[in-house]
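Report on the structure given below.
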Amino acid sequence: MSKLNSKIPDGPLADKWTNHKASLKLVNPANKGKLDIIVIGTGLGGSSSASTLGELGYNVKVFSYQDSPRRAHSVAAQGGINAAKNYKNDNDSIYRLFYDMLKGGDFRAREANVYRAAEVSNLVIDHYTALGVPFARDYGGTIDNRSFGGVQVSRTFYAKGQTGQQCLVGAYSALTRQIAKGTVTMYPRREMLDLVIIDGKARGIITRNLVTGEIERHSAHAVVLATGGYGTIYYMSTLALNSNASATWKAHKKGAFFANPSFVQIHPTSIPVLNSYQSKLTLMSESLRNDGRVWVPKKQGDTRKPNDIPEDERDYYLERRYPAFGNLVPRDVASRAAKERCDAGFGVGSTGLSVYLDFRDAIKKKGKKVIEENYGNLFDMYEKISGESPLETPMRIYPAGHYTMGGLWVDYNLMTTIPGLFAVGESNFSDHGANRLGASSLMQCSGDGYFILPYTITDYLASDIKTPRIKTDTPEFDAAEKEVSERVKKLLSINGNETPTSYHRRLGKIMWDYCGMVRNEEGLKKALVLIKELEDEFWKNVKVAGKAEELNQELEKAGRVMDFFELAKLLCTDALNRKESCGAHFREESQTETGEAKRDDDNFSYVAAWEYKGQGQEPELHKEELKFEYVKLQERNYK
Amino acid sequence: MNIKLKIWRQPNAKSKGRFETYPLNDVSSEMSFLEMLDYLNNSLIKDGKEPVAFEHDCREGICGSCGMYISGRPHGPQHRTTTCELRMREFKDGQTITIEPWRAAAFPVIKDLIVDRNAFDKIMQSGGFISINAGAAQDANSILVPKKNADEAFDSASCVGCGACVAACKNSSAMLFISAKVTHLAQFPQGRIEAEIRVKNMVAKMDELGFGGCTNTRACEAECPKGISISNIAKLNREFFVAKLKD
Ligand SMILES: Cc1cc2nc3c(=O)[nH]c(=O)nc-3n(C[C@H](O)[C@H](O)[C@H](O)COP(=O)(O)OP(=O)(O)OC[C@H]3O[C@@H](n4cnc5c(N)ncnc54)[C@H](O)[C@@H]3O)c2cc1C
Ligand code: SF4
Ligand code: FES
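Sequence order for the protein chains is A and B. Numbering that gives the first Met the number 0 applies: residue 0 is where the first sequence begins, and numbers increase by one. Numbering that gives the first Met the number 0 applies: residue 0 is where the second sequence begins, and numbers increase by one.
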């Protein structure tokens with residue numbers, strides 16, 4: 000018997016959530032105030048969860064390592080947030096949004112979850128609008144939409160290139176309102192370093208106060224992780240530099256299964272590596288592909304300036320290979336095509352690792368003013384970094400690690416395999432299969448927190464109303480705190496020669512080379528060896544400056560890198576296990592004659608959920624078979 | 000290029016700080032300002048010294064974490080640029096660059112260049128929101144908002160909460176920050192409902208937390224990396240005046 004029970008409700012797809020909600024238990028208002036909930040993270044997933052649970056009357060404690068909830072990584076999202084409003088009358092619907100997500104994810108997600116995400120998307124937009132999020136509007140005062148990333152309808156709500164910032168400021172304002180009311184207590188500058196389990200249930204966390212270095216205990220009846228993705232495992236990525244995997248990894252080591260860790264989205268349009276000191280890859284929103292045309296010279300190693308290369312010597316390779324979708328093919332397809340051209344020697348720039356994204360024709364057709372109005376802030380951002388104006392010279396772009404579809408395994412109630420531990424937003428695995436469609440993460444994070452978790456966690460807590468406040472002076476808390484303190488001591492005691500950042504950079508390179516856009520058995524096996532060697536070296540030679548009892552950014556980094564090593568091995572193990580190609584996961588051994596990803600539905604139509612078996616032990620694979628009752632599996636075809 | 004850095008070092012809130020000088024060679028003009036600090040820290044660690052603590056996260060100008068005086072100016076010499084967006088090509092070979100944390104009573108130093116901006120959160124808690132619970136909203140298009148107002152709301156709401164306005168102001172006033180929020184929310188019909196109480200509470204909170212008053216020096220607008228306009232303050236004053244008249 001599988002240990003995984005996804006708890007997908009019976010009944011027709013469109014009724015599942017409605018029926019399920021009707022079956023969930025409630026907690027009366029007087030009891031809610033006696034129940035404590037810990038939420039870790041204040042991005043769209045965490046802020047939405049915490050404010051809503053506060054509104055319902057629970058006693059909520061929310062944690063983040065930033066100084067203010069408003070700085071969570073969600074703030075950086077640019078392009079937009081999807082909903083099935085059909086405001087454009089282009090025949091959009093909940094079903095179509097569901098179908099696009101499922102197909103975009105290459106049929107590696109649960110039908111029921113994806114349908115529900117699409118179903119609650121409209122409520123999310125209503126709520127953000129009511130909170131004062133300034134979505135773009137038409138002259139008549141209604142909200143505008145645009146089309147985004149590989150779909151044929153306009154369902155993306157946006158606020159120029161700052162959709163994440165504007166939504167997060169909205170979510171943050173709702174959260175501050177609850178903080179002022181006293182239903183939510185905010186613990187900023189705290190890093191969760193372990194999960195505490197009592198009698199098999201998640202009952203608390205151990206945190207480090209990042210200002211004083213104090214190790215603290217916090218208890219609750221239930222714990223919610225909203226700690227984001229782990230794309231920074233590649234060192235350079237489009238994510239904020241402090242994003243990390245430690246919270247989910249610690250939960251994994253305490254028993255939460257990790258699902259599809261190798262499903263990582265590599266975004267096709269980021270500013271490429273320009274120098275060896277670079278610390279991050281800045282994303283250029285995918286919306287640019289609506290007007291920009293992607294090309295490389297037809298001649299290998301062509302060193303002419305882009306504007307000197309005549310039309311017939313340019314290879315618009317996306318339009319050539321995918322005439323139906325052209326420059327708007329999904330992210331994974333666009334990323335691999337760029338890598339293919341560059342590997343074949345057609346890349347541009349000093350490193351040969353970039354391709355052009357050209358607005359010349361769009362400017363000719365629509366005028367400079369329109370293009371500037373649509374993309375002005377992105378162009379400014381590009382110019383600040385590269386010193387070149389995209390209005391004059393084509394942009395140079397290259398793929399970068401961006402989003403992790405993998406994450407903690409959760410059931411339909413968003414609960415992990417540890418009772419009482421929930422995961423929302425990017426930290427869970429649930430809605431995006433093997434590839435996420437643009438603008439559907441903000442939607443999922445918010446839907447989880449505002450309209451799903453509050454109902455399902457209530458159902459869980461309904462059987463806990465008699466449990467008094469959880470004490471923190473228990474042997475379980477003692478043990479967890481001791482473990483954390485000892486780890487801190489260990490890291491500081493090594494006093495070797497190389498910084499945590501240097502190890503992170505080296506690990507990132509291994510991951511990018513062998514477990515990035517393209518993977519194969521030999522490379523993955525090699526990566527596993529290399530990671531192990533590097534990890535052993537880290538534990539002998541890392542140098543963590545400073546002390547434990549103070550603000551110590553080197554110590555923070557070391558702790559995160561330490562967990563990345565362990566997660567990296569699981570990524571490679573998962574990628575090795577999945578011998579098919581699907582979505583963003585491309586196994587060279589499994590491709591069509593024309594070089595497209597080839598799925599193997601007979602053997603791999605499952606969620607791979609990994610169980611931690613102890614230090615140095617092989618993790619155990621559990622399979623959750625995916626059943627498709629409402630859609631017919633097809634080959635993704637964007638030709 | 001080779002540069003000289005004069006950096007404020009302060010181990011914690013309680014201790015006294017002082018400037019330390021560090022020569023730094025082989026700085027590439029392509030580095031971002033924070034990559035230059037990474038590079039400095041790397042060499043400090045190699046020499047067995049304490050790295051400089053500074054706050055950062057997104058490194059693309061949107062989270063508002065970074066922020067320091069660079070040769071006397073919040074976020075450095077480039078207009079409308081956060082510290083993390085600043086590039087070393089803005090500096091000259093041989094230049095001495097002075098780096099300090101924000102100086103304002105309401106933003107105490109935590110360590111080196113890191114300050115505590117929790118006061119901004121407290122101001123927000125005093126009224127920087129529209130009171131509506133999840134689930135209570137109507138269809139988004141049932142509230143029509145003229146494009147002009149929506150665009151204005153967007154401009155005001157692009158404040159990233161970095162604190163440069165406070166740091167730039169000789170009175171350490173948080174007026175630009177507050178006015179941006181007040182103006183943002185007042186553009187929407189549902190935001191107007193609490194407009195008067197919001198402005199009163201936020202201004203009162205600002206005074207209580209030790210920020211100074213606004214004397215219209217416009218330094219905030221000049222240094223705001225997001226181009227938040229001082230016209231927000233004029234709008235706040237109007238709102239405030241009307242609200243007070245009704246008291
Ligand atoms: C550059 C960029 C652009 C994007 N654009 C879009 C877009 O246009 N549309 C879209 O839908 N998606 C977009 N995405 C994806 C989307 O932004 C993210 O998937 C989403 O914001 C994640 O939100 P979250 O709430 O799950 O986590 P995050 O916003 O990452 O928040 C994580 C939170 O957890 C806290 N945390 C983490 N670990 C710990 C710990 N150990 N202890 C304490 N606190 C912890 C952090 O402090 C933070 O508050 C983009 C992503 C990037 C990188
Ligand atoms: S108003 Fe400008 S300077 Fe002040 S906090 Fe906002 S973005 Fe920073
Ligand atoms: S680091 Fe985010 S704004 Fe500078």
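For every residue, glycine included, the Cβ atom is placed at its ideal position computed from N, Cα and C.
Cβ pair residue i, residue j closer than 8 Å
i	j	result
proline 73 of chain B	glutamate 222 of chain B	yes
phenylalanine 32 of chain B	threonine 97 of chain B	no
glycine 227 of chain A	serine 426 of chain A	yes
glutamine 77 of chain A	glycine 160 of chain A	yes
asparagine 289 of chain A	serine 429 of chain A	no
threonine 182 of chain B	serine 155 of chain B	yes
glycine 42 of chain A	serine 73 of chain A	yes
aspartate 458 of chain A	lysine 102 of chain A	no
glycine 448 of chain A	valine 423 of chain A	yes
glycine 495 of chain A	lysine 539 of chain A	yes
isoleucine 192 of chain B	cysteine 213 of chain B	no
leucine 550 of chain A	valine 332 of chain A	no
glycine 437 of chain A	glycine 148 of chain A	yes
glutamate 475 of chain A	glutamate 520 of chain A	no
arginine 340 of chain A	glycine 346 of chain A	yes
isoleucine 122 of chain B	lysine 204 of chain B	yes
isoleucine 142 of chain B	threonine 155 of chain A	no
Reference residue i; option with closest CA among the options
i	options	result
lysine 252 of chain A	A:Glu532, A:Gln552, A:Phe627, A:Glu610	A:Glu610
serine 230 of chain B	B:Ala167, B:Ala152, B:Ser70	B:Ala152
aspartate 125 of chain A	B:Asn24, B:Gly134, B:Leu23, B:Asp120	B:Gly134
alanine 239 of chain A	B:Cys164, B:Arg58, B:Arg217	B:Arg58
proline 224 of chain B	A:Asn376, A:Lys87, A:Ser172	A:Asn376
glycine 506 of chain A	A:Tyr233, A:Ala71, A:Gln164	In the sequence as presented, glycine is not what sits at residue 506 of chain A; that position holds leucine. Checked all of A:Tyr233, A:Ala71, A:Gln164; the closest Cα to leucine 506 of chain A is A:Tyr233.
lysine 622 of chain A	A:Asn636, A:Val630, A:Ala607	A:Ala607
tyrosine 582 of chain A	A:Arg486, A:Leu566, A:Arg518, A:Lys612	Looking at the sequence itself, residue 582 of chain A is glycine, so the reference to tyrosine does not match. For glycine 582 of chain A, the nearest C-alpha among the options comes from A:Arg518.
isoleucine 109 of chain B	A:Ile37, A:Phe627, A:Asn208, A:Leu491	A:Asn208
alanine 596 of chain A	A:Ala336, A:Leu436, A:Met235	A:Ala336
proline 568 of chain A	A:Phe257, A:Arg359, A:Glu371	The sequence shown places lysine at residue 568 of chain A, rather than the proline named in the question. Measuring from the Cα of lysine 568 of chain A, the nearest candidate turns out to be A:Phe257.
alanine 201 of chain A	A:Gly254, A:Phe378, A:Phe585	A:Gly254
glycine 162 of chain B	B:Lys5, B:Phe106, B:Ala194, B:Glu84	B:Phe106
Residue i beta carbon near ligand 1 (any heavy atom closer than 7 Å)
i	result
glutamate 425 of chain A	yes
methionine 174 of chain B	no
threonine 471 of chain A	no
asparagine 519 of chain A	no
cysteine 213 of chain B	no
asparagine 243 of chain A	yes
methionine 442 of chain A	yes
Residue i: CB within 7 Å of a non-hydrogen atom of ligand 3
i	result
isoleucine 109 of chain B	no
isoleucine 39 of chain A	no
isoleucine 61 of chain B	yes
arginine 58 of chain B	yes
Enclosing alpha helix (DSSP H) for residue i [first to last residue]
i	result
histidine 55 of chain B	First-last for histidine 55 of chain B: undefined, no H or E at that position.
tyrosine 513 of chain A	499–513
valine 241 of chain B	230–244
Any non-hydrogen atom of ligand 2 closer than 7 Å to residue i Cβ
i	result
cysteine 164 of chain B	yes
lysine 180 of chain B	no
Opening and closing residue of the beta strand (DSSP E) in which residue i lies
i	result
glutamine 264 of chain A	263–269
threonine 95 of chain B	95–99
alanine 221 of chain A	221–224
phenylalanine 128 of chain B	Note, phenylalanine 128 of chain B: premise wrong, no beta strand (DSSP E); not H, not E.
aspartate 193 of chain A	189–197
tyrosine 355 of chain A	354–357
Residue i CB to nearest heavy atom of ligand 4 below 7 Å
i	result
cysteine 83 of chain B	Ligand 4 is not part of this structure, which contains only ligand 1, ligand 2 and ligand 3.
The stretch 77–90 of chain A in contact with the stretch 259–267 of chain A per 3-pair CB rule at 8 Å: no
Contact between the stretch 20–37 of chain A and the stretch 459–469 of chain A (3+ Cβ pairs under 8 Å): yes
Contact between the stretch 349–367 of chain A and the stretch 270–280 of chain A (3+ Cβ pairs under 8 Å): A contact exists between the stretch 349–367 of chain A and the stretch 270–280 of chain A.
contact_flag[the stretch 56–65 of chain A, the stretch 184–195 of chain A] where n(CB pairs < 8 Å) is 3 or more: yes
contact_flag[the stretch 311–320 of chain A, the stretch 289–301 of chain A] where n(CB pairs < 8 Å) is 3 or more: yes
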